[in-house]
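A.B. asks: 1 is the number of the first residue of the sequence shown in this note's numbering; add one for each residue after it.
Note that the Cβ used here is the ideal one computed from N, Cα and C, for glycine as well.
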Amino acid sequence: MSTADQDQDPADLVVLLADDARPVGTAPRADVHTDRTPLHLAFSCHVTDGTGRLLLTRRALSKRTWPGVWTNAFCGHPRPGEDPLDAVHRYAEHELGLRLDHLEPLLPDFRYRAVDASGIVEHEVCPVWLAHTTSDPSLNRDEAVEARWVTPHELRTTAEVAPWALSPWLVLQLDELPAGRSALDQVGQAV
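#1: Could you tell me whether the Cβ atoms of LEU41 and ALA27 are closer together than 8 Å?
#2: For HIS211, count the other beta carbons within 10 Å of its own beta carbon; 16 or more makes it buried, fewer makes it exposed. Which is it?
#3: State the Cα-Cα distance for the pair ASP5 and GLY97, rounded to the nearest angstrom.
#4: Quick one: Cα of SER62 to Cα of ASP142, how far?
#5: Output the distance between the C-alpha atoms of LEU166 and TYR112, rounded to the nearest integer angstrom.
#6: How would you write the range of the beta strand (DSSP E) that VAL14 sits in, first residue to last?
#7: Kindly indicate which three-state DSSP category ASP101 falls into: helix, strand or coil?
#8: How many angstroms separate the CA atom of PRO163 from the CA atom of GLY25?
#9: With LEU56 and TRP70 assumed to form a contact (beta carbons below 8 Å), what rounded beta-carbon distance in angstroms separates them?
#10: Do you know how far the Cα of GLY52 is from the Cα of GLN186?
#11: Under the three-state reduction of DSSP, which class applies to VAL115: helix, strand or coil?
#12: Between which two residues does the alpha helix (DSSP H) containing VAL187 stretch?
#13: Give every residue of the same chain whose Cβ lies closer than 6 Å to the Cβ of LEU104, excluding the five residues on either side of it in the sequence, and list them in chain order.
#14: Given this structure, state the Cα-to-Cα distance separating HIS89 from ALA159, to the nearest angstrom.
#15: Looking at the unbroken alpha helix (DSSP H) that takes in GLU122, where does it start and where does it end?
#16: Measure the C-alpha to C-alpha separation of VAL161 and ASP101 and round it to an integer number of angstroms.
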């Protein structure tokens, strides 16, 4: 960690990664997302209500990357040294006012690189989680402007016919989760 990094509030830092996903430093979150975004640590979380529905949110128009796009419930960046599950819970509360229970890994090794229309790059090692909640979201409007509960079938159909309406990471995650057989597709079903 550089001297400049040590002066930063850990809440404002992201963990930079080597190509093998090994932590190699930190950088201010506000400075990371550019047209040359370095590989960094993130996470993505899908949320179910336990009745067979998944939560989609529409990203705030003020977001630097993919503003106004529909995506899975939420994503975020663990702070340096923060337990990944603590980060998931922290973001759920901050962005959606949700308390989560029973987190399970969907794609623990997911990583992607995508470029939005403005040229900003996302380049993340981004473990994907599935969580359950019993409440409806209370949106932080700086993060999400709309929320909608959908079935896995509705989500997959949208990804097939209008992938441009969804975040690229959501479409890529769906590509890696076998339709009808993944935990994402079986939410609300008796096992």
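C.D. replies: A quick look at the data gives this:
#1: Within the sequence shown, numbered from 1, the residue matching residue 41 stands at position 41. Within the sequence shown, numbered from 1, the residue matching residue 27 stands at position 27. Taking 8 Å as the Cβ cut-off, LEU41 and ALA27 do not qualify as a contacting pair.
#2: Because the chain is modelled from 1 through 191, residue 211 falls outside the range shown and cannot be assessed.
#3: What you label residue 5 is simply residue 5 of the sequence shown in a count that begins at 1. What you label residue 97 is simply residue 97 of the sequence shown in a count that begins at 1. Confidence is the limiting factor: at ASP5 the pLDDT is only 41, short of 50, which leaves the residue's position unreliable, though a coordinate-based value still follows. Computed Cα separation, rounded: 30 Å.
#4: Taking the sequence shown and counting its residues from 1, the one referred to as residue 62 is at position 62. Taking the sequence shown and counting its residues from 1, the one referred to as residue 142 is at position 142. The straight-line gap separating the alpha-carbon atoms of SER62 and ASP142 is approximately 7 Å.
#5: To locate residue 166, count along the sequence shown from 1; it is residue 166. To locate residue 112, count along the sequence shown from 1; it is residue 112. Computed Cα separation, rounded: 15 Å.
#6: If you number the sequence shown from 1, residue 14 lands on position 14. Run containing VAL14: 13 to 17, per the beta strand (DSSP E) assignment.
#7: Taking the sequence shown and counting its residues from 1, the one referred to as residue 101 is at position 101. The answer is strand: DSSP assigns ASP101 an E or B state.
#8: For this step, residue 163 is matched to residue 163 along the sequence shown. For this step, residue 25 is matched to residue 25 along the sequence shown. C-alpha separation (whole angstroms): 34 Å.
#9: In the sequence shown, residue 56 corresponds to position 56, counting from 1. In the sequence shown, residue 70 corresponds to position 70, counting from 1. Separation of the CB atoms of LEU56 and TRP70 is rounded to 5 Å, and the pair is thereby assigned contact status at 8 Å.
#10: The residue given as residue 186 occupies position 186 in the sequence shown. The residue given as residue 52 occupies position 52 in the sequence shown. When rounded, the distance between both Cα atoms is 7 Å.
#11: Your numbering for residue 115 matches position 115 in the sequence shown. In this structure, VAL115 counts as strand in the three-state DSSP scheme.
#12: The residue you call residue 187 lines up with position 187 of the sequence shown. Note, VAL187: premise wrong, no alpha helix (DSSP H); not H, not E.
#13: For the purposes of this step, residue 104 is identified with residue 104 of the sequence shown, where counting begins at 1. A small fix is needed here, since residue 104 is Glu in this sequence, not Leu. For GLU104, where only same-chain residues beyond five positions count, the Cβ hits under 6 Å are LEU130.
#14: Taking the sequence shown and counting its residues from 1, one reaches residue 89 at position 89. Taking the sequence shown and counting its residues from 1, one reaches residue 159 at position 159. Going by the C-alpha atoms only, they are around 27 Å apart.
#15: Taking the sequence shown and counting its residues from 1, the one referred to as residue 122 is at position 122. No alpha helix (DSSP H) holds GLU122; the beta strand (DSSP E) holding it covers 121 to 125.
#16: In the sequence shown, counting from the first residue as 1, residue 161 sits at position 161. In the sequence shown, counting from the first residue as 1, residue 101 sits at position 101. Roughly 32 Å between the two C-alpha positions.
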